[in-house]
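Undergrad: The structure follows.
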Amino acid sequence: MKARTRFYLLCILALVAFPFSSVTAQESGPVYIVQPGDTLTAIALIFGTTIEALVVANNIDDPSLLIPGMELIIPGYEEISGVLTIQEIGYGETLSSFSFRYGVPSESLARLNRIINPGRIYAGQPLILVETESDIPALFENSLLLPRIGE
């Protein structure tokens, strides 16, 4: 009886001392290409994540060292593939006009950017867009290109 109790106690102690943890790294997902002047703080703020999540997802040794052109995997967007870009809302622009300009449905754009009220966007607000390899040909084949304000 004592041997069995000791065995169970030893097993419980081993489980407490060496817990099983499954570490899963994000193998793929959307990437953001670092631009000059970008910081992890700003990137985390725009994409609604934390600096720690970005550091872990990208195995970054020094969070203060970002090199322009570096590709960062953005956690929290696993269901999306492609390159994430940031575009700012222009003065007088609405979500509908912005989505028309980039050929993205308004509903998809609102969901991607976690916009609850499409009427409450402002000039200079950064919006996330997804670029895929098929976007460029589709843009020229299926879209009417209109001049932007100031062109």
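Following full-length UniProt numbering, the residues of the sequence shown are numbered contiguously, the last one being 151. Glycine is no exception: its CB is placed at the ideal position from the N, C-alpha and C atoms.
Can you have a look at serine 108 and say buried or exposed, based on whether 16 or more other CB atoms are within 10 angstroms of its CB?
TA: Classification for serine 108: exposed.
Undergrad: In the structure shown, what three-state DSSP assignment does glutamate 71 receive?
TA: strand
Undergrad: Taking CB distances under 9 Å as the criterion, tell me whether isoleucine 33 reaches chain C.
TA: In summary, chain C is missing from the structure at hand, where a single protein chain is found.
Undergrad: For valine 56, which of helix, strand or coil comes out of DSSP?
TA: helix
Undergrad: From tyrosine 77 to glutamate 93, what does the alpha carbon distance come to, in whole angstroms?
TA: 26 Å
Undergrad: With a CB to CB cut of under 8 Å and the five nearest residues on each side skipped, what residues in its chain are close to aspartate 38?
TA: Leu66 and Pro68
Undergrad: State the DSSP-derived secondary structure class of tyrosine 102, mapped to helix, strand or coil.
TA: helix
Undergrad: Rounded to the nearest angstrom, how far is the Cβ of residue 153 from that of isoleucine 115, given a contact under 8 Å?
TA: The structure shown has nothing for residue 153, since the chain only spans 1 to 151.
Undergrad: Roughly how many angstroms lie between the CA atoms of alanine 44 and leucine 54, to the nearest whole one?
TA: Looking at the backbone, the Cα of alanine 44 and that of leucine 54 are separated by about 7 Å.
Undergrad: Can you say whether serine 22 is buried or exposed, counting buried as having 16 or more other CB atoms within 10 angstroms of its CB?
TA: Confidence at serine 22 is low in this model, with a pLDDT of 37, below 50, so its placement is unreliable and the value that follows should be read with caution. It counts as exposed.
Undergrad: Just grab the DSSP bridge partners of residue 158 for me.
TA: The chain is shown from 1 up to 151; residue 158 falls before or after that span and cannot be answered.
Undergrad: If you draw a straight line from the alpha carbon of valine 31 to that of glycine 82, how long is it in whole angstroms?
TA: 7 Å
Undergrad: In this structure, how does DSSP classify isoleucine 116 when only helix, strand and coil are distinguished?
TA: coil
Undergrad: Please report the straight-line C-alpha distance between isoleucine 73 and asparagine 113, rounded to a whole angstrom.
TA: So the alpha carbons of these two residues sit roughly 17 Å apart.
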